[in-house]
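Q: Please read through the structure below; I'll follow up with questions.
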Amino acid sequence: AQSVAQPEDQVNVAEGNPLTVKCTYSVSGNPYLFWYVQYPNRGLQFLLKYITGDNLVKGSYGFEAEFNKSQTSFHLKKPSALVSDSALYFCAVRAGASGNTPLVFGKGTRLSVIA
Amino acid sequence: DTGVSQNPRHKITKRGQNVTFRCDPISEHNRLYWYRQTLGQGPEFLTYFQNEAQLEKSRLLSDRFSAERPKGSFSTLEIQRTEQGDSAMYLCASRSGLMNTEAFFGQGTRLTVV
Numbered sequence: 003a004q005s006v007a008q009p010e011d012q013v014n015v016a017e018g019n020p021l022t023v024k025c026t027y028s029v030s031g032n033p034y035l036f037w038y039v040q041y042p043n044r045g046l047q048f049l050l051k052y053i054t055g056d057n058l059v060k061g062s063y064g065f066e067a068e069f070n071k072s073q074t075s076f077h078l079k080k081p082s083a084l085v086s087d088s089a090l091y092f093c094a095v096r097a098g099a100s101g102n103t104p105l106v107f108g109k110g111t112r113l114s115v116i117a
Numbered sequence: 003d004t005g006v007s008q009n010p011r012h013k014i015t016k017r018g019q020n021v022t023f024r025c026d027p028i029s030e031h032n033r034l035y036w037y038r039q040t041l042g043q044g045p046e047f048l049t050y051f052q053n054e055a056q057l058e059k060s061r062l063l064s065d066r067f068s069a070e071r072p073k074g075s076f077s078t079l080e081i082q083r084t085e086q087g088d089s090a091m092y093l094c095a096s097r098s099g100l101m102n103t104e105a106f107f108g109q110g111t112r113l114t115v116v
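Just so you know, the sequences run in chain order B and E. In case it helps, the working numbering puts the first sequence at residues 3 to 117. In case it helps, the working numbering puts the second sequence at residues 3 to 116.
Structure representation (structure tokens):
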């Protein structure tokens, strides 16, 4: 069975500082990994994905994530946080072997960027 | 490409009533998913369509829930005899048939059962 863990319910960071939102996963076979962001009363917006290739993937709004197979992690990062980055962030995984499996999401991490 | 559209955005209903939600996916996407999200939780998978075929249903999908996707285009999710525990945000997502593609989500329908 697939699962995702986001160990931090809340991450606080000062504007301009680097940010990291943590994610670990469990899946059979090769993982397809995703990060989504959710603003209040809105659906989820896709940020970035890891399918194969370079372990460091770059996405929207200056975000990037690093895939670490040995640690089964896919942490989201940004070099310099903005107040507008404050939102709810979800990590998700899908088993790569089959294109039919749905995404499994973590519980989310609320990011608060303080001016 | 107008994105994934869900209607209504909000629905308040009395316990015991039936409700139906609609999802219009991105037009060329053959895969459509329904998720439920409650406060403080991540989206939980409910059911999935490939074209008009419903291929998978979660154990969360009780017999009061039914979903359809006639002709492989829009989809509807119906909840019969609503209960207060059904109050949640219902999210629809679609993606193409290519294995490495991401899912695109609609803005959701927020259901409140009173």
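Ideal placement from N, C-alpha and C gives every residue a C-beta, glycine not left out.
1. For the beta strand (DSSP E) containing E:M101, list its first residue and its last residue.
2. Taking a contact to mean a Cβ-Cβ separation below 9 Å, would you say B:L84 touches B:A67 in this structure?
3. Could you check what DSSP says for E:F10 in three-state terms: helix, strand or coil?
4. Straight-line CA distance for E:V6 to E:T111?
5. Here's a check: name, in chain order, each residue in its chain whose Cβ is nearer than 8 Å to the Cβ of E:F76, leaving out the five neighbours to either side.
6. Between which two residues does the beta strand (DSSP E) harbouring B:Y63 extend?
7. Which same chain residues end up closer than 6 Å to E:R83 when comparing Cβ atoms and leaving out the 5 residues on each side of it in sequence?
8. In chain order, what residues of the same chain lie with their CB nearer than 8 Å to the CB of E:N32, ignoring the 5 residues before and after it?
9. Which two residues bound the contiguous beta strand (DSSP E) that contains E:V21?
10. Between E:P45 and chain B, is the shortest Cβ-Cβ distance under 9 Å, so that the two count as touching?
11. Report yes if the C-beta distance between B:S28 and B:S5 is below 9 Å; otherwise report no.
12. What residues are listed by DSSP as bridge partners for E:A69?
13. Anyone know if the C-beta pair for E:V109 and B:R44 falls short of 9 Å?
14. Between B:F2 and E:E104, which are expected to be in contact by the criterion C-beta below 8 Å, what is the C-beta distance as a whole number of angstroms?
15. Are the Cβ atoms of B:R96 and B:P104 separated by less than 9 Å?
16. Is it right to say B:Y63 is buried, meaning 16 or more other beta carbons lie within 10 angstroms of its own, or is it exposed?
17. So the candidates are E:V115, E:T114, E:N102 and E:C94; which of them puts its Cα closest to the Cα of E:E46?
18. For the putative contact between E:D88 and E:L113, defined by C-beta atoms under 8 Å, what is the C-beta separation to the nearest angstrom?
19. Is it true that the CB of E:F107 sits closer than 9 Å to the CB of B:F48?
20. Compute the minimum distance between the beta carbon of B:S88 and the heavy atoms of the ligand SAM, and state whether it is under 8 Å.
A: Taking the coordinates as given:
1. No beta strand (DSSP E) contains E:M101, which DSSP labels as neither H nor E.
2. no
3. The residue you asked about is not Phe; residue 10 of chain E is Pro in the sequence shown. Reduced to three states, the DSSP call for E:P10 is coil.
4. 12 Å
5. R24, C25, D26 and P27
6. For B:Y63, there is no enclosing beta strand (DSSP E), as DSSP marks it with neither H nor E.
7. Annotation for E:R83: G18 and R66 place their beta carbon closer than 6 Å to its own, counting only its chain and skipping 5 residues before and after.
8. These residues qualify, in order along the chain: Q52, N53, G74, S98 and G99.
9. Run containing E:V21: V21 to D26, per the beta strand (DSSP E) assignment.
10. yes
11. B:S5 is positioned such that its CB atom lies closer than 9 Å to that of B:S28.
12. E:L79
13. At residue 109 of chain E the sequence reads Gln, which differs from the Val that was named. The answer is yes: Cβ separation under 9 Å.
14. Any answer about residue 2 of chain B is impossible in this case: the structure gives chain B only from 3 up to 117.
15. yes
16. B:Y63 should be labelled exposed.
17. Of the candidates E:V115, E:T114, E:N102 and E:C94, the one whose C-alpha sits nearest the C-alpha of E:E46 is E:C94.
18. 6 Å
19. Going by C-beta atoms, B:F48 is nearer than 9 Å to E:F107.
20. With respect to the ligand SAM, the structure offers nothing, as it holds no ligand at all.
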